[in-house]
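Engineer:
In this note's numbering, the protein residues as written are 4 to 298.
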């Protein structure tokens, strides 16, 4: 049997041909742990749990990594509002996420890397990008130069000129191009930060996954998954970082699950129409929620 996967990069169902049939590598973007997760956050966990189980039936070894983002502006804001240490807050919600996903009968990935455990890897990757002319320092920040990558936008099908024409927000004057994105930013004394060649600061969101993938799975991996809301900018920017830092394809198959809709609208915290997994588990068995997420 040939496994076929809908590859977002090609826009079609492709035969799955692994780099090494004896060791499949799979990475899925995990949660930003500043609150309990909603049912939309659970969908990629359940969808890619099914894929993980299938791959385990077909191949002798599958290495599955799903990260924890435990440094982020939303986390900093939530901790400040709670007058709570950031580490205490992220540990609490990381544990809650694990409990909720176990209730949905999702297997635990082989590797659960935390962003804050990989700061040195992120700094090293940013240094490589700067050395190769793909990133630059400006106004205390380090940014990726999107014009340095000829095929930037290939995952989402966006062109740089279209991004510029569609910009509705004022672009920071320190950017060489409006699409340039942050790899490293400065931290105030009140904010968490780490020493780096560019001063005390913290990483941008996109560099976290690229650095963790490189450390745990290699320069090129078989499958990268996540919700379709991550296609742009997160996964597009991951491709830019991974390809330009290592001179490789980075990911061979990009898979994305669809949204969960509530009354015809995408469910999200910003719209206020979300349902927490923890609350739903008081009304329904985890297997019922799992079935609903897969139907």
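We put the CB at the ideal spot given by N, CA and C, even for glycine.
These numbers come from a predicted model, not from an experiment.
(1) Of the residues 15, 69 and 181, which one's Cα is nearest the Cα of residue 214?
(2) Between the stretch 34-46 and the stretch 266-284, are three or more C-beta pairs nearer than 8 Å?
(3) Suppose you measure from the CA of residue 164 to the CA of residue 290; what does that come to, to the nearest Å?
(4) In angstroms, rounded to a whole number, what distance separates the CA positions of residue 171 and residue 65?
(5) Tell me the residue span of the beta strand (DSSP E) that contains residue 55.
(6) Give, in chain order, every unbroken run of the beta strand (DSSP E) that is at least 3 residues long and sits entirely within the stretch 188-248.
(7) Relative to the C-alpha of residue 59, which residue among 113, 71, 10 and 15 is closest?
(8) Looking at the unbroken alpha helix (DSSP H) that takes in residue 78, where does it start and where does it end?
(9) Does the stretch 121-131 touch the stretch 201-214, meaning 3 or more C-beta pairs lie closer than 8 Å?
(10) With the cut-off set at 8 Å, would you say residue 195 and residue 89 are in Cβ contact?
(11) What are the uninterrupted segments assigned as alpha helix (DSSP H) that are 4 or more residues long and contained completely in the stretch 108-187, given in chain order?
(12) Between the beta-carbon of residue 182 and the beta-carbon of residue 149, is there less than 8 Å?
(13) Which residues bound the beta strand (DSSP E) around residue 255?
(14) Would residue 234 and residue 35 be called neighbours here (beta carbons separated by less than 8 Å)?
(15) Would you mind reading off the limits of the alpha helix (DSSP H) that contains residue 93?
(16) Alpha carbon to alpha carbon, how far is residue 80 from residue 242? Give it in angstroms, no decimals.
(17) So residue 18 is in the beta strand (DSSP E); what residue range does that whole segment cover?
(18) Rank 20, 231 and 253 by C-alpha distance to the C-alpha of residue 223 and give the top, closest one.
(19) Within a Cβ cutoff of 7 Å, which residues of the same chain sit near residue 273, ignoring the five residues on either side of it in sequence?
Structural biologist: Per the coordinate set shown:
(1) 69
(2) yes
(3) 47 Å
(4) In this prediction, residue 171 has a pLDDT of 48, which is less than 50 and means its spatial position is unreliable; what the coordinates show is noted afterwards. Roughly 43 Å separates the two Cα atoms.
(5) Per DSSP, residue 55 belongs to no beta strand (DSSP E); it is in the alpha helix (DSSP H), 42-61.
(6) 204-206 and 224-230
(7) If we check each option's Cα against that of residue 59, 113 comes out closest.
(8) Counted as a single uninterrupted DSSP element, the alpha helix (DSSP H) harbouring residue 78 occupies residues 76-85.
(9) yes
(10) Cβ distance < 8 Å, so residue 195 and residue 89 count as in contact.
(11) If only complete runs of 4 or more residues are kept, the stretch 108-187 shows the alpha helix (DSSP H) at 122-134 and 163-168, in order along the chain.
(12) Between residue 182 and residue 149, the C-beta gap is smaller than 8 Å, which places the two residues in contact.
(13) Boundaries of the beta strand (DSSP E) around residue 255: 254-260.
(14) no
(15) 89-106
(16) 28 Å
(17) Where residue 18 is concerned, the enclosing beta strand (DSSP E) stretches over 15-18.
(18) 253
(19) none
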